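Protein sequence lines correspond, in order, to chains A and B. Taken in order, the first sequence gives residues 3 to 229; the numbers are from the working numbering. Taken in order, the second sequence gives residues 153 to 420; the numbers are from the working numbering. First the structure, in the form of C-alpha cells, and then the observations on it.
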Amino acid sequence: MKASLSIKGTQDGLLVSIPEGDWGDARPALLQMIDEQTDFFQGARLILQIEQRALRAADLGSLRDALAEREVNLWAVLSSSDVTKIAAADLGLAQQLSKSSSSGDEDVPFETMLYGDEAVLVEKTLRSGHSIRHPGHVIILGDINPGAEVIAGGNVMVWGRLRGMVHAGAAGDESSKVYALDLSPTQLRIAGQIAVSPTRRGRPKPEVAQIREGQLVAEEWQSNRRR
Amino acid sequence: MSATIITITSGKGGVGKTTATANLGASLADLGYRVVCIDADIGLRNLDVVMGLENRIVYDLVDVVEGHCKLRQAMIRDKHLQDLFLIPAAQTRDKTAVSPQDMVRITDELRQESDWILIDSPAGIERGFRNAIAPADLVLIITNPEVSAVRDADRIIGLIEAEEKGPGKLILNRVKPEMVRRGDMLATDDILDVLAIDLIGVIPEDEAILIATNRGTAASLDSKSKAGKAYRNVARRLNGEEVPFEILQANDGFFRRISRIMKPGGER
Ligand SMILES: Nc1ncnc2c1ncn2[C@@H]1O[C@H](COP(=O)(O)OP(=O)(O)OP(=O)(O)O)[C@@H](O)[C@H]1O
Ligand SMILES: [Mg+2]
C-alpha cells in the first residue's frame with residue numbers, strides 16, 4: 003500500500019479519503035484497516051471520499067455489504083465521477099456532507115475559525131460501565147473511573163483522574179495524545195500501542211502520554227515546553 | 153404519615169444487602185417507627201429467613217401484584233418488634249412477575265401507613281434491580297473493601313444517577329479492624345476516592361451477624377454486637393441525627409479521612 007488512507011471525524015460521520023490508485027488495492031486496504039480497528043469503527047457512519055474514481059452500483063453495493071458485516075454503515079460517497087454519482091444515487095447513498103460539516107466556503111473576514119477535528123466536551127465523571135466513542139477529540143471534565151472507557155479518533159484530555167481505559171488515535175493516528183491531571187489508567191492505548199501505567203509514587207501531576215520513537219511514553223506536563 | 157422509601161442495593165452479590173435491610177429495619181423500628189421491609193429479590197428470597205419469619209409466609213409480593221390478596225394480608229409482623237413488617241418475595245416466580253410500576257403502586261399505598269419502607273434489591277443491574285429502585289427516595293449502596301465490589305458499586309451509582317435517583321449514600325460493610333490497624337488503608341482510600349459519594353455507615357466484620365442471622369434475629373438488637381451498633385448508627389443518621397463514626401477516634405489515616413469526608417461543607 004503506497005499512499006495511506008486518511009480519516010477525519012465530521013459531524014456526519016467518519017470521512018475516509020481513499021488515495022489515488024487501483025480500486026482493487028484500495029478496497030481490501032480499507033477493509034483491513036477496519037478489521038484492525040474494530041473498536042473504533044464498529045457502529046460508525048462512514049463517508050467515503052474517492053475523488054474521480056468511477057465505481058459502479060455493483061462495486062459500491064458489495065462494499066456496502068462488506069462494511070455492514072463489520073457493523074459499519076456506509077452513508078455517503080463523495081466523488082467527481084458521474085458513473086459513481088449515479089451508482090451512489092441508485093443505492094440511496096448521500097453525496098455531500100451537511101453544511102456545518104464541510105469546512106466553509108463562507109466568507110470569514112478574519113481567521114476566527116479554528117479548523118480541525120471536532121471535540122466533544124463531557125462534563126461528568128465516567129463511572130464503571132460507561133463508554134464514550136467519538137471520531138474527534140474528547141475532553142472530560144471529571145474522572146474516568148476503573149471500568150469506564152473513552153475511545154477517540156483524536157486526542158483525549160481528562161481534567162480529572164484517568165483510571166479507566168483510554169484509546170486515543172483509535173483509527174491509527176500515532177500523533178494523538180492523552181492529557182490528564184492524574185494519569186493512572188488501567189490501560190492506555192494510542193493508535194496501535196498499548197501500555198499499562200506503573201504504580202504511582204508521590205502526588206499525581208498533570209501528564210501527557212504520546213508515542214515517541216515508536217514507544218508510548220508519559221511525561222510530566224510543562225506548559226512552557228509545548229509539544 | 154408519609155414514608156421515606158429506601159432501596160438497598162450493591163451490584164455485586166453477597167456483599168450484605170439483605171443483612172443491611174434486616175438490621176436497618178429493626179433499628180428504625182426500635183427507634184419507634186413503623187417500618188415495612190420489602191424483599192424484591194423474586195425467586196431468591198431470603199430476607200424472610202434472615203428475619204426469622206419464613207414459617208409465617210402465606211402471601212407474597214407477587215400475590216399482591218396479581219391481586220390474589222390485599223396488601224395487608226402479605227405484611228408479616230416481626231416476632232420482636234411490634235411495628236416492623238415484612239413483605240416477602242415469591243420463591244417460585246421470576247422477576248418479570250413484577251414491574252417497576254407495580255413497585256411504585258404498592259409503595260404508594262404503603263406510604264400512608266408507615267414511616268420507612270426498606271427495599272432489599274437483588275444483585276445485578278437487570279429487571280430486579282430496576283424494580284427495586286423505581287420507587288426509591290434514597291438509595292443506599294453497599295460495598296465491601298474489595299476491588300470487584302467497588303467496581304460494581306461504581307457501575308450501580310452511574311445507573312442510579314442516570315435514573316435520577318442519585319447519587320445515593322454508601323455503606324462500607326465487612327471492614328476488618330486489623331486491616332485498618334495494619335495501616336492497610338489504601339483500599340479504603342481508593343473506595344471513597346473513586347465512588348465520591350457520601351458515606352453513611354462503616355460496618356465492621358462481625359461474627360455476631362452470622363449468629364444473629366442463623367437465629368433469625370437482627371444483630372442490631374444485640375447491644376454487644378459492633379456491627380449491630382454500627383447499623384443502629386446508620387438508622388440514626390437516616391433519621392437526621394449527626395452521629396460521629398463510632399470507630400473514628402483511632403488516630404490513623406483511614407478514619408481521619410472518613411471524618412474529613414463526612415464533615416458538612418468539607419472539601420468534598
Ligand atoms: N458485617 C458482616 N460481618 C460478617 N458477615 C457478614 C457481614 N455482613 C454480611 N455478612 C455475611 O455475608 C453473607 C452475605 O450477606 P447477605 O445475604 O446480606 O448479602 P446480599 O448482598 O443480600 O447477597 P445476595 O446478593 O445474594 O442477595 C452472609 O452470610 C452474611 O451473614
Ligand atoms: Mg440478598
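Virtual Cβ for every residue (Gly too), placed ideally from N, Cα, C. Note that this is a predicted model, so its numbers are computed, not measured.
(request) Give me whichever residues DSSP pairs with B/Gly353 in a beta bridge. (result) As computed with DSSP, B/Gly353 is found in a beta bridge with B/Ile323.
(request) Name all residues in chain order for which at least one heavy atom of ligand 2 lies closer than 5 Å to the residue's CB. (result) Per the Cβ criterion, the list is B/Lys169 and B/Thr170.
(message) I want to check one thing, is the minimum distance from the CB of A/Ile141 to the heavy atoms of ligand 1 below 6 Å?
(response) For A/Ile141, the distance from the CB to the nearest heavy atom of ligand 1 is not below 6 Å.
(request) Indicate, with yes or no, if ligand 1 has a heavy atom lying under 6 Å from the CB of A/Thr40. (result) Answer for A/Thr40: no, Cβ out of range of ligand 1.
(message) My output table needs one value for A/Trp161: the three-state DSSP class, helix, strand or coil.
(response) Looking at A/Trp161 - three-state DSSP - the assignment turns out to be strand.
(request) Specify the secondary structure class of A/Ala91 as computed by DSSP and reduced to three states. (result) DSSP places A/Ala91 in helix when its eight states are reduced to three.
(message) Buried or exposed for B/Cys189, going by 16 or more other Cβ atoms inside 10 Å?
(response) Flag for B/Cys189 reads buried.
(message) Could you give the first and the last residue of the continuous beta strand (DSSP E) run that contains A/Gln217?
(response) Here the beta strand (DSSP E) through A/Gln217 covers Gln217 to Glu222.
(request) Kindly list, in the order they appear in chain B, the residues whose Cβ is closer than 7 Å to that of A/Arg129. (result) Taking a Cβ-Cβ cut-off of 7 Å, the neighbours of A/Arg129 in chain B comprise Asp306, Arg307, Ile309 and Gly310, given in sequence order.
(message) Quick check on the DSSP output: the beta strand (DSSP E) that includes B/Thr259 runs from which residue to which?
(response) Note, B/Thr259: premise wrong, no beta strand (DSSP E); alpha helix (DSSP H) at Pro252 to Arg263.
(request) Go ahead and label B/Met203 buried or exposed: buried means 16 or more other beta carbons lie within 10 angstroms of its beta carbon, across all protein chains shown. (result) That one is buried.
(message) Please return the same chain residues whose Cβ sits closer than 7 Å to the Cβ of A/Asp84, not counting the five positions on each side in sequence.
(response) For A/Asp84, where only same-chain residues beyond five positions count, there are no Cβ hits under 7 Å.
(request) Output the boundary residues of the alpha helix (DSSP H) element that contains B/Arg388. (result) Looking at the DSSP string, the run of the alpha helix (DSSP H) that includes B/Arg388 is Lys378 to Leu390.
(message) I'd like to confirm something about B/Ile269: is its beta-carbon nearer than 6 Å to some heavy atom of ligand 1, or not?
(response) No.
(message) Check whether the segment 350-359 of chain B and the segment 179-197 of chain A are in contact - that is, three or more C-beta pairs closer than 8 Å.
(response) Too few Cβ pairs lie closer than 8 Å, so no.
(message) Assuming B/Phe237 is part of the beta strand (DSSP E), what are its boundary residues?
(response) Start and end: Leu236 to Ile239.
(request) Below 8 Å CB to CB, which residues in the same chain sit around B/Lys376 once its five sequence neighbours on both sides are set aside? (result) Within the same chain, B/Lys376 has close Cβ partners Ala360.
(message) Given the structure, does B/Asn325 come close to ligand 1, in the sense that its CB is under 6 Å from one of the ligand's heavy atoms?
(response) Relative to the non-hydrogen atoms of ligand 1, the Cβ of B/Asn325 comes within a distance shorter than 6 Å of at least one.
(message) Whole angstroms are fine: how far does the CA of B/Ser179 sit from the CA of B/Leu233?
(response) When rounded, the separation of the alpha-carbon atoms in B/Leu233 and B/Ser179 is 10 Å.
(message) What would DSSP say about A/Glu34, mapped onto helix, strand or coil?
(response) Checking the sequence shown, residue 34 of chain A turns out to be Gln, not Glu. In the structure shown, A/Gln34 sits in a helix (DSSP, three-state: H, G or I).
(message) Within a Cβ cutoff of 7 Å, which residues of the same chain sit near B/Trp268, ignoring the five residues on either side of it in sequence?
(response) If the five residues before and after B/Trp268 are omitted, its C-beta is found closer than 7 Å to the C-beta atoms of Ala155, Thr156, Ile158, Leu180, Tyr185 and Val187, all from its own chain and listed in chain order.
(request) Could you tell me whether the Cβ of B/Val346 comes closer than 7 Å to any Cβ of chain A? (result) The beta carbon of B/Val346 falls within 7 Å of a beta carbon belonging to chain A, placing the residue at that interface.
(request) Alpha carbon to alpha carbon, how far is A/Pro200 from A/Ser186? Give it in angstroms, no decimals. (result) Whole-angstrom Cα-Cα distance: 8 Å.
(request) Classify B/Asn366 as helix, strand or coil using the three-state DSSP reduction. (result) Here B/Asn366 sits in helix by DSSP.
(request) Check the Cβ-Cβ distances between B/Ser162 and every residue of chain A, and say whether any is below 7 Å. (result) Cβ-Cβ to chain A under 7 Å: no for B/Ser162.
(request) Figure out for me which residue from B/Ala242, B/Glu393, B/Ser300 and B/Ala382 has the closest Cα to the Cα of B/Gly280. (result) With distances taken between Cα atoms, B/Gly280 lies closest to B/Ala242.
(request) Name the residue from A/Asp184, A/Val152 and A/Leu17 whose alpha carbon lies nearest to the alpha carbon of A/Val245. (result) Nothing in the structure corresponds to residue 245 of chain A, since chain A is present only between 3 and 229.
(message) Can you tell me whether B/Ile355 sits near ligand 1, meaning its C-beta is under 6 Å from at least one heavy atom of the ligand?
(response) Distances between the C-beta of B/Ile355 and the heavy atoms of ligand 1 include at least one below 6 Å.
(request) Would you list, in chain order, the members of the segment 128-158 of chain A that have their beta-carbon closer than 9 Å to a beta-carbon of chain B? (result) Those residues of the segment 128-158 of chain A that come within reach of chain B (Cβ to Cβ, closer than 9 Å) are Leu128, Arg129, Ser130, Gly131, His132, Asp145, Asn147, Pro148, Gly149 and Ala150.
(message) For A/Leu93, which residues in the same chain have their Cβ closer than 7 Å to its Cβ, ignoring the five residues on either side in sequence?
(response) Counting only residues of its own chain and dropping the five nearest sequence neighbours on each side, A/Leu93 has a CB closer than 7 Å to the CB of Ala59, Leu62, Gly63 and Arg66.
(request) Mind listing the chain A neighbours of B/Val303? Cutoff is C-beta to C-beta under 7 Å, in chain order. (result) Looking at the sequence shown, residue 303 of chain B is not Val but Arg. By Cβ distance, chain A contributes Ser130, Pro148 and Gly149.
(message) With a threshold of 7 Å on Cβ separation, who are the neighbours of B/Cys221 within its own chain once the five nearest residues in sequence on each side are excluded?
(response) Only Tyr211 and Asp215 meet the Cβ criterion.
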